[in-house]
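Number of protein chains: 2
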Amino acid sequence: MSSTASSHPDTAKQAAILQQAIDVFAEQGFRNADVQVIADRAGVGKGTVYRYFGNKQDLFWAAALEVTQRMADHIWAATEPVDSPLEKIRAAAVAYYEFFDANPACLEICVLDRAEFRGSVPEPHQEYHDALIERFAAIFREGIQRGEIRPVDVNAAIVGLGGLLYGIAFQGCYDLAHRTTAEVGRVAIDTFLQGIRTNPAEPPTDRKEQKEQAE
Amino acid sequence: MSSTASSHPDTAKQAAILQQAIDVFAEQGFRNADVQVIADRAGVGKGTVYRYFGNKQDLFWAAALEVTQRMADHIWAATEPVDSPLEKIRAAAVAYYEFFDANPACLEICVLDRAEFRGSVPEPHQEYHDALIERFAAIFREGIQRGEIRPVDVNAAIVGLGGLLYGIAFQGCYDLAHRTTAEVGRVAIDTFLQGIRTNPAEPPTDRKEQKEQAE
DNA sequence: TGGCTTGGACGGACGCGTCCGTCCGGTGCC
DNA sequence: GGCACCGGACGGACGCGTCCGTCCAAGCCA
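Right, here's the structure in full:
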């Protein structure tokens, strides 16, 4: 209360509800989450929540879209200043873990999206997802052109990269051999870039970015 | 219905309930799943379900443990006849995707475990998980000894591999660039073994297992 | 016939979404 | 400039449907 100004009745309350929805859904899961609790924490009545978001499910979609946008923004901001495609990919991975380390609730929303709704997201999400794929595909293609990246199947590689990032983040709640998610993520992305196999041609003489992860 | 014999009152009914629990939980999610439906599908009364499994949550744990065991069995069966550590890892990955392609309900149980309970599994699960890690660590170590695998950080590599497998399986419900999960998984595991970076020393002349994924 | 398993009817808790009374800011009339 | 009217934003009480876990009556085997 004491919202003296009330210049825009909508925006402030809507944002408050959305943020609380992210937190409560993340804490409780979709079915367990009580809309009344979201309303209480946002400092509004339950009726107001339904006024702004229609129903519980639409509220969840709104929360999920918000999370997607925040994550994408963070990743793009991290990759843009980098020139090398290979390093762009590494930067994206680091940004990804940074984001979820800093916003664990956002990770849980992604998990719930997959678990509750089998990823059957409405169109806005799909558009964001497709845009993500396409921008990464462009990075991969340029990397291949520049000779930094092997001529791999770009789409499959992106799905693989996505799976790697996603999977490790998901597993963050389990015991990751006593490492933080970001730490494991850094090792994993190095593996993705370089592979685990010894090169059949040469003995392990190609230490180059191994220096920074020296155990 | 018509379970005239009832030779073993326990085992048969218990197994039926467990199987139906896996299916119904996978279809509906934990909170959405109605114990009555599980009982009906298993051909028993709800009271019998509670007699055997105590409560809904314990029933879910039992289902999750069953899934874990089935999956682990399948993977070990696939890796044992293989000699080369590197190929053992590849075989394990293939077996992983095979299993979840053939048993999608089992994948959903894993997703639910993570989503509903943050992976806060009871001890039996943890033991299985630890055993899995240890057996793979042994494979990695032998691979490194034999010179097939770069001297990577074994624990981190395993988490990375697990994340890769897990993540791609999870994403199977999204549009994987019009591929099946198994197909994408095969490409991804190749990437894990070899990396995407061109080797700084030699030009891309090392096609060796690229022949089988020729686009 | 007696003990034990089974199954489904039932009570009660819980939470979604609605609906109605309230309150506040803006507008027109005096 | 002050006052009364009005519309709509707001909040929370409530109704209703859903589903967990229990309990007791009926059946089955020894």
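Residue numbers (this note's numbering), protein chains in the order written: chain A, -13 to 201; chain B, -13 to 201. Using N, Cα and C, we set each Cβ at its ideal position, and we do this for glycine too.
DSSP three-state assignment for residue i, whether helix, strand or coil
{"i": "Ile182 (chain A)", "result": "coil"}
{"i": "His115 (chain A)", "result": "helix"}
{"i": "Val68 (chain A)", "result": "coil"}
{"i": "Val107 (chain B)", "result": "coil"}
{"i": "Thr54 (chain A)", "result": "helix"}
{"i": "Val30 (chain B)", "result": "coil"}
{"i": "His60 (chain A)", "result": "helix"}
{"i": "Asp161 (chain B)", "result": "coil"}
{"i": "Phe16 (chain B)", "result": "coil"}
{"i": "Gly40 (chain B)", "result": "coil"}
{"i": "Thr166 (chain B)", "result": "coil"}
{"i": "Glu188 (chain B)", "result": "With a pLDDT of only 45 at Glu188 (chain B), under 50, the local geometry of the prediction cannot be trusted, and the value read off the model is given with reservation. The answer is coil: DSSP assigns Glu188 (chain B) none of H, G, I, E or B."}
Partner residues on chain A for residue i, Cβ-Cβ distance less than 8 Å
{"i": "Asn18 (chain B)", "result": "Arg17"}
{"i": "Tyr82 (chain B)", "result": "Within 8 Å Cβ-Cβ: nothing; Tyr82 (chain B) doesn't reach chain A, min ~12 Å."}
{"i": "Glu102 (chain B)", "result": "Gly15 and Ala101"}
{"i": "Leu179 (chain B)", "result": "Gly181, Ile182 and Arg183"}
{"i": "Ala79 (chain B)", "result": "None at all; the shortest Cβ gap to chain A is about 11 Å."}
{"i": "Ala(-2) (chain B)", "result": "Residues of chain A passing the Cβ test: none, with the nearest at roughly 31 Å."}
{"i": "Val21 (chain B)", "result": "Within chain A, no residue comes near Val21 (chain B); the closest Cβ sits about 15 Å away, beyond 8 Å."}
{"i": "Ala58 (chain B)", "result": "Here the premise fails: no neighbours, minimum Cβ distance about 16 Å."}
Residue i - partner residues in DSSP beta bridges
{"i": "Ile135 (chain A)", "result": "B:Arg183"}
Contacts that residue i makes with chain A (C-beta to C-beta distance below 9 Å)
{"i": "Arg127 (chain B)", "result": "Going along chain A, no residue has its Cβ under 9 Å from Arg127 (chain B), so there is no contact; the nearest lies around 12 Å."}
{"i": "Gln43 (chain B)", "result": "The premise fails here: Gln43 (chain B) is roughly 13 Å from chain A at the closest Cβ pair, so nothing lies under 9 Å."}
{"i": "Leu118 (chain B)", "result": "Simply none; closest approach about 11 Å."}
{"i": "Ala63 (chain B)", "result": "Ordered by position in chain A, no residue passes the 9 Å Cβ test against Ala63 (chain B), which lies about 23 Å from the chain."}
Contacts of residue i in chain B (Cβ-Cβ under 9 Å)
{"i": "Tyr152 (chain A)", "result": "Gly149, Tyr152, Gly153, Ile154, Phe156 and Gln157"}
{"i": "Val170 (chain A)", "result": "Asn141, Ala142, Val145, Gly146 and Gly149"}
{"i": "Arg165 (chain A)", "result": "Asn141, Ala142 and Val145"}
{"i": "Val68 (chain A)", "result": "Simply none; closest approach about 16 Å."}
{"i": "Ala124 (chain A)", "result": "Within chain B, no residue comes near Ala124 (chain A); the closest Cβ sits about 15 Å away, beyond 9 Å."}
{"i": "Ala1 (chain A)", "result": "Neighbours of Ala1 (chain A) on chain B: none; closest Cβ ~26 Å, over 9 Å."}
Host alpha helix (DSSP H) of residue i (start-end)
{"i": "Asn141 (chain A)", "result": "Val140 to Phe156"}
Contact set between residue i and chain A, taken where Cβ atoms lie within less than 7 Å
{"i": "Gly33 (chain B)", "result": "Those within 7 Å of Gly33 (chain B) in chain A number zero; the least Cβ separation is about 25 Å."}
{"i": "Leu162 (chain B)", "result": "Val145"}
{"i": "Val30 (chain B)", "result": "Here the premise fails: no neighbours, minimum Cβ distance about 25 Å."}
{"i": "Ala88 (chain B)", "result": "What Ala88 (chain B) touches in chain A: nothing, since even the nearest Cβ is about 18 Å away."}
8 Å Cβ cut-off: residues of chain B touching residue i
{"i": "Leu212 (chain A)", "result": "Any answer about residue 212 (chain A) is impossible in this case: the structure gives chain A only from -13 up to 201."}
{"i": "Val53 (chain A)", "result": "Under the 8 Å cutoff, chain B gives no residues; its nearest Cβ is about 15 Å from Val53 (chain A)."}
{"i": "Ala50 (chain A)", "result": "Those do not exist, as Ala50 (chain A) stays about 13 Å from chain B at its closest Cβ, beyond 8 Å."}
Amino acids of chain B, ordered along the chain, whose beta-carbon sits closer than 7 Å to that of residue i
{"i": "Leu72 (chain A)", "result": "Arg183"}
{"i": "Ala12 (chain A)", "result": "Here the premise fails: no neighbours, minimum Cβ distance about 10 Å."}
{"i": "Ala7 (chain A)", "result": "Near Ala7 (chain A) there are no residues of chain B at all, since even the closest Cβ is about 17 Å away, more than 7 Å."}
{"i": "Ala91 (chain A)", "result": "The contacting residues do not exist; Ala91 (chain A) stays about 12 Å from chain B at best."}
Three Cβ pairs or more, each shorter than 8 Å: is that satisfied between the region 128 to 143 of chain A and the region 77 to 95 of chain A?
no
Cβ contact (3+ pairs, closer than 8 Å) linking the region 108 to 116 of chain A and the region 11 to 24 of chain A
no
The region 53 to 71 of chain A contacting the region 56 to 64 of chain B, beta-carbon criterion three pairs below 8 Å
no
Count Cβ pairs between the region -2 to 18 of chain B and the region 40 to 52 of chain B that sit closer than 8 Å; are there 3 or more?
yes
Cβ contact (3+ pairs, closer than 8 Å) linking the region 164 to 173 of chain A and the region 140 to 155 of chain A
yes
Between the region 97 to 104 of chain B and the region 95 to 102 of chain A, do three or more beta carbon pairs fall short of 8 Å?
yes
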